[in-house]
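Protein chains in written order, with the numbering used here: chain S, 106 to 269; chain H, 106 to 269. One structure is given here, and the rest of the page talks about it.
2 protein chains.
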Amino acid sequence: MTRIESPIVEVDGETPADAARRGRKPAESYVLEEQVGFLMRRAQQRHIAIFQRIMGEDGPTPTQFAAMAKLGGGEDISQNQLGRMTAMDPATIKGVIARLAERGLVERRPDPDDQRRVRVRLTPAGLEAMPGLTEKARAITAATLSPLSREEAERLLALLARLD
Amino acid sequence: MTRIESPIVEVDGETPADAARRGRKPAESYVLEEQVGFLMRRAQQRHIAIFQRIMGEDGPTPTQFAAMAKLGGGEDISQNQLGRMTAMDPATIKGVIARLAERGLVERRPDPDDQRRVRVRLTPAGLEAMPGLTEKARAITAATLSPLSREEAERLLALLARLD
DNA sequence: GCCACCTTGTTTGTATACTAACAATAATAA
DNA sequence: TTATTATTGTTAGTATACAAACAAGGTGGC
């Protein structure tokens with residue numbers, strides 16, 4: 106029963122890939138660990154853990170910081186538009202902005218020119234927090250990519266950018 | 106006010122990268138769209154959309170299928186162990202298994218040798234569904250990677266695997 | 001002006017995901 | 001054996017995400 110457990114995946118003495126190659130024909134094999142969706146989910150889990158560690162307990166979440174980064178110059182942006190800029194649908198951005206507003210980092214105002222719109226911007230406190238948060242965000246990116254060389258990291262980013 | 110909007114990101118006439126290069130020093134720039142976390146989130150969003158399209162309205166979700174794939178041989182696996190094999194923490198795998206059980210695809214039994222454990226396995230209906238689902242899962246992987254050549258896809262998978 | 005359509009934002013419901021705290025059971029060390 | 005520690009599973013709380021249905025405000029065609 107000797108076994109080596111990697112952090113999460115891998116439980117038995119044999120690799121899933123081994124099991125697949127042993128018992129099944131190649132055309133019928135399906136190895137979860139080799140699927141792009143599984144690998145992306147794992148990589149994201151690690152990234153989010155790094156994000157939370159560096160931003161700290163009451164720091165913003167990844168999506169919260171994404172919204173703040175887009176508001177970083179002090180601009181006024183409508184809620185839905187901000188959602189499009191940060192890849193969040195209207196229902197998601199609503200919650201993100203509500204939580205940032207609860208924490209006093211952004212404020213919402215009705216748009217005088219279009220009564221459907223809610224304009225969102227950083228509060229003075231939010232604006233003041235940005236330099237420190239941006240510094241941490243750079244450290245998060247570096248830590249996430251730290252297993253790779255500079256060239257490998259650039260290659261990864263280029264490939265990921267094409268999957269959209 | 107002429108503008109071209111790409112699916113989600115990109116709203117103004119200028120690229121965020123342009124804006125950063127124009128007004129700020131390189132050392133101070135932070136371009137959300139170039140960060141690995143943002144790119145991974147976008148790539149995952151697209152992957153999940155493909156997953157749902159191919160699996161269909163009442164097909165399993167990605168995590169539900171991951172659990173089923175690990176149970177695919179008809180084995181008995183404890184709930185927490187199954188979570189480790191599929192990169193889900195105990196609280197997450199509990200919900201996934203509960204929903205699979207509601208749909209009659211898996212069943213839970215107490216472990217006779219360890220009263221703490223819940224053993225999970227596919228039901229006959231779940232076992233019967235696997236070949237068709239696995240076929241679809243392969244199509245999902247192919248569709249997700251379709252913007253890339255074979256070599257590029259392999260390179261991406263290798264790089265992602267090192268981020269864990 | 002009127003009507004059809006589009007956009008904006010909200011609400012509800014489902015499904016991940018993780019943290020923290022907890023209870024019950026096993027395994028190990030003293 | 002007893003005491004400590006570890007493992008297993010649950011519950012509650014927070015935060016994404018998205019679909020679907022909806023209301024209200026703009027916009028363009030006629």
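We put the CB at the ideal spot given by N, CA and C, even for glycine.
request  = Determine the DSSP secondary structure at P215/H, reduced to helix, strand or coil.
outcome  = strand
request  = Please decide whether M173/S counts as near chain H, where near means a Cβ-Cβ distance under 7 Å.
outcome  = no
key: C-beta contact flag for M160/H and K175/H at 7 Å   = no
inquiry  = Ignoring anything shorter than 3 residues, give me the beta strand (DSSP E) runs that lie fully in the region 178 to 238 of chain S, in order along the chain.
reply    = 211 to 215, 223 to 227
task = List the endpoints of the continuous alpha helix (DSSP H) containing T72/H.
result = This structure cannot speak to residue 72/H, because chain H is shown only from 106 to 269.
request  = Classify E119/H as buried or exposed, calling it buried when 16 or more other Cβ atoms lie within 10 Å of its own Cβ.
outcome  = Reliability of the predicted coordinates at E119/H is poor, the pLDDT of 44 falling under 50, and the value obtained from them is presented with this limitation in mind. With fewer than 16 Cβ atoms within 10 Å of its Cβ, E119/H is classed as exposed.
ask   = Mind checking G142/H: buried by the 16 CB within 10 Å criterion, or exposed?
value = buried
task = Please compile the residues from chain S whose C-beta is within a distance smaller than 7 Å of the C-beta of V225/H.
result = Residues of chain S passing the Cβ test: none, with the nearest at roughly 14 Å.
key: Residue closest to M173/S, alpha-carbon to alpha-carbon, out of L144/S, T239/S, L137/S   = T239/S
ask   = Would you say Q149/H faces chain S, with C-beta separation under 7 Å as the test?
value = yes
query = Does the distance from the C-beta atom of T228/S to that of E207/S stay below 7 Å?
reply = no
query = Got a sec, what are the start and stop residues for the alpha helix (DSSP H) G142/S sits in?
reply = 141 to 160
task = With 7 Å as the threshold, decide whether the Cβ of G164/S is near any Cβ in chain H.
result = no
inquiry  = Does Q220/H pass the burial test, meaning 16 or more other C-beta atoms within 10 Å, or should it be called exposed?
reply    = exposed
inquiry  = To the nearest angstrom, how far is the alpha carbon of G128/S from that of L232/S?
reply    = Unreliable positioning characterises G128/S in this predicted model, as indicated by a pLDDT of 49, which lies under 50. A coordinate reading is not provided.
Proximity winner among A266/H, T197/H, D181/H, R146/H, relative to R224/H (alpha-carbon distances) = D181/H
key: Backbone CA spacing between T249/S and D163/H [nearest angstrom]   = 35 Å
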